[in-house]
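**Student:** Chains as they are written, first to last, in the UniProt record's numbering: chain A, 1 to 191; chain B, 1 to 191.
Quick one: structure below, then a few questions.
There are 2 protein chains.
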Amino acid sequence: MVLVGSRDAEATRRRLLEAAREEFAAYGIAGGRVERIAAAARSNKAQIYHYFGSKDGLFDAVFDAMCRETVDAVPIDAENLPEYAGKLFDSYERRPWVQRIAAWYRLERAGTGDLLTVVVASNEAKLKAVADAQARGVLPTRFPADVLLGLVIHLSGFWSSNVPEFDAVVAGHSSATRRQVVVDAVAALLA
Amino acid sequence: MVLVGSRDAEATRRRLLEAAREEFAAYGIAGGRVERIAAAARSNKAQIYHYFGSKDGLFDAVFDAMCRETVDAVPIDAENLPEYAGKLFDSYERRPWVQRIAAWYRLERAGTGDLLTVVVASNEAKLKAVADAQARGVLPTRFPADVLLGLVIHLSGFWSSNVPEFDAVVAGHSSATRRQVVVDAVAALLA
DNA sequence: GCGAACTAACTAACCGGTTGATTAGTTACA
DNA sequence: TGTAACTAATCAACCGGTTAGTTAGTTCGC
């Protein structure tokens, strides 16, 4: 069952998702245009509503896929949190839209609808890993497990969090240097 | 020349700015509705365009005012960065819209138009204060001054940065506890 | 020929921005 | 002091373009 060319539902779905990811990353939900997404995917609006039901539904699909990818790509390593933060940083470098989509989600989508179970489950697992490592004495207990995990994730996104007015006064740091800052900052939390 | 009641230009401007702050904090620029802002301010759209020129102009006025307030309210204290971060945290608690407006600004407004000179100037001053403190040996030099300053500001916003799926797995921490986490985390960077 | 994939055309509502007129408050002068 | 001329503030109604969502019909693989 090899589908080629113009009638591959799965491929269309994928193109739609990819185009939507770019559009939403750039303009958010309210600012994103369904028409532009359809055009960029070489499809049309009706397909979007057929596959995803609504504009919000399309965004949710993008966000859900993105979360699954991130969870798969960067498994928690409670024994080495600095390197875990570094790996998260790497994944943001590889997929620059992640931080923006997450920010849009926080601002435009939080509170509405249900929480993504895949994300909640993944957070619970991570939390347990950190708490266990603390219980084994591998991690300090200065911060409670949930706070420590939160800080690590928060620090991993440091370089995508600044306002342009701040970037204007920081020297240009290379990708490797920026990664090291993240790793070092997390290490400092554990010292 | 005392103006009271229904014809006070300054008061109208203020009401418009306040209503715009609420609207933009909730829905952003693309999602915010000029009509709703006018209604909430007990005014009308024409006034908005008279006073602020455009929807973007109105947002910029809100953002500019907010930055000035923050810069005034929380002066840098390079000798005591943990407490500085704590003060920033306090100011976010007092004005819950700050972090959201800043996030919208980053996503929707960065790159377009000029940087706000008041913010750039304030960042330069802060940077200098940190660099001086490092030169005097009051602050460690493990991180360059710009990075250290960035990390402190970033950490001060820790509690407004999480996705609801994460909040679902963290225990409810009191405001005082959350403040202490910020202070401690910054202190850890300096140890 | 049957069903799934696809599409152009359509619609109803919305929204940023404008206009032209009205009203409240101030100034100038007899 | 009274009033006419002027200025600044206000607003309802309107406009043209845009947008999310729909529909009804076509194409293509099997």
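Backbone N, C-alpha and C define an ideal beta-carbon position, used for all residues, glycine too.
According to DSSP, is residue 29/B part of a helix, a strand, or is it coil?
**Tutor:** DSSP places residue 29/B in helix when its eight states are reduced to three.
**Student:** Output needed in chain order: residues of the stretch 162–186 of chain A with a Cβ under 8 angstroms from some Cβ in chain B.
**Tutor:** Under the 8 angstroms Cβ criterion, the stretch 162–186 of chain A contributes 162, 163, 164, 165, 166, 168, 169, 170, 171, 173, 181, 184 and 185.
**Student:** Can you name, in chain order, every residue of its own chain whose Cβ lies under 7 angstroms from the Cβ of residue 24/A, other than the five neighbours on each side?
**Tutor:** Contacts found: 32, 59, 62, 101 and 104.
**Student:** With 16 other CB atoms within 10 Å as the buried threshold, where does residue 137/B fall?
**Tutor:** Exposed, since its Cβ has fewer than 16 Cβ neighbours within 10 Å.
**Student:** For the 8 angstroms Cβ check, are there 3 or more pairs between the stretch 86–93 of chain A and the stretch 7–14 of chain B?
**Tutor:** At 8 angstroms Cβ cutoff, the stretches do not touch.
**Student:** I want to see whether chain A comes within less than 8 angstroms of residue 33/B, judged by CB atoms only; does it?
**Tutor:** No, no contact with chain A.
**Student:** Any idea if residue 174/B is buried or exposed, counting beta-carbon neighbours within 10 angstroms, 16 or more meaning buried?
**Tutor:** Exposed, because fewer than 16 other Cβ atoms sit within 10 Å of the Cβ of residue 174/B.
**Student:** Might you give, ordered along the chain, the residues of its own chain that have their beta carbon closer than 7 angstroms to the beta carbon of residue 19/B, omitting 5 neighbours on each side?
**Tutor:** Cβ neighbours of residue 19/B beyond the five flanking positions: 37, 40 and 41.
**Student:** Consider the Cβ of residue 71/B: report whether some Cβ of chain A lies at a distance smaller than 8 angstroms.
**Tutor:** Answer no: the Cβ-Cβ gap between residue 71/B and chain A never drops below 8 angstroms.
**Student:** For the UniProt domain "HTH tetR-type" (10–70) of chain A, list the beta strand (DSSP E) runs that are entirely contained and at least 3 residues long, ordered along the chain.
**Tutor:** Within the UniProt domain "HTH tetR-type" (10–70) of chain A, no complete beta strand (DSSP E) run reaches 3 residues.
**Student:** Return the chain-ordered list of same chain residues with a C-beta closer than 6 angstroms to the C-beta of residue 139/A, the five sequence neighbours on each side being excluded.
**Tutor:** Closer than 6 angstroms at the Cβ level, and outside the excluded window around residue 139/A, lie 133.
**Student:** Name the chain B residues whose beta carbon is nearer than 8 angstroms to that of residue 146/A?
**Tutor:** Ordered by position in chain B, the residues that pass the 8 angstroms Cβ test against residue 146/A are 169, 170 and 171.
**Student:** In the structure shown, what three-state DSSP assignment does residue 101/B receive?
**Tutor:** Three-state result, residue 101/B: helix.
**Student:** Given this structure, state the Cα-to-Cα distance separating residue 98/A from residue 88/A, to the nearest angstrom.
**Tutor:** Taking the straight line joining both Cα atoms gives about 11 angstroms.
**Student:** Would you list, in chain order, the members of the stretch 114–127 of chain A that have their beta-carbon closer than 8 angstroms to a beta-carbon of chain B?
**Tutor:** Here the close residues are 115, 116, 119, 120, 123, 124 and 127.
**Student:** Please report the Cβ distance between residue 186/B and residue 110/B, rounded to the nearest whole angstrom; I am assuming they are in contact, meaning their Cβ atoms lie under 8 angstroms.
**Tutor:** No, residue 186/B and residue 110/B are not in contact; Cβ-Cβ is about 26 angstroms, not under 8 angstroms.
**Student:** If you draw a straight line from the C-alpha of residue 146/B to the C-alpha of residue 182/A, how long is it?
**Tutor:** Those two C-alpha atoms are separated by around 14 angstroms.
**Student:** Tell me, please, whether the stretch 115–123 of chain A touches the stretch 45–55 of chain A by the rule of three or more beta-carbon pairs shorter than 8 angstroms.
**Tutor:** Not touching, per the Cβ criterion.
**Student:** With DSSP as the reference, label residue 133/B as helix, strand or coil.
**Tutor:** If DSSP states are grouped into helix, strand and coil, residue 133/B belongs with the helices.
**Student:** What residue does the alpha helix (DSSP H) around residue 82/A start on, and which one ends it?
**Tutor:** That run of the alpha helix (DSSP H) goes 81–94.
**Student:** Cβ closer than 8 angstroms: which chain A residues qualify as neighbours of residue 107/B?
**Tutor:** 28, 100, 103, 104 and 107, listed in chain order.
**Student:** In chain order, what residues of the same chain lie with their CB nearer than 8 angstroms to the CB of residue 76/B, ignoring the 5 residues before and after it?
**Tutor:** Once the five neighbours on either side are set aside, the close Cβ partners of residue 76/B are 84, 125, 126, 129 and 130.
**Student:** Do residue 143/B and residue 151/B have their C-beta atoms closer together than 8 angstroms?
**Tutor:** Yes, they are a contact pair.
**Student:** Starting from residue 151/A, find everything on chain B with Cβ-Cβ shorter than 7 angstroms and list it in chain order.
**Tutor:** Simply 158 and 185.
**Student:** In chain A, which residues lie with their C-beta within 8 angstroms of the C-beta of residue 24/B?
**Tutor:** Chain A residues near residue 24/B: none, gap ~11 angstroms exceeds 8 angstroms.
**Student:** Just the Cα atoms here: how many angstroms apart are residue 3/B and residue 52/B?
**Tutor:** Confidence in residue 3/B is poor, its pLDDT being 44 and thus under 50, which makes the residue's placement too unreliable to answer from.
**Student:** Among the candidates 29/B, 107/B, 50/B and 81/B, whose CA atom is the shortest distance from the CA of residue 161/A?
**Tutor:** Nearest of 29/B, 107/B, 50/B and 81/B to residue 161/A, Cα basis: 107/B.
**Student:** How many Å lie between residue 123/A and residue 189/B at the Cα?
**Tutor:** Their Cα atoms are separated by approximately 25 angstroms.
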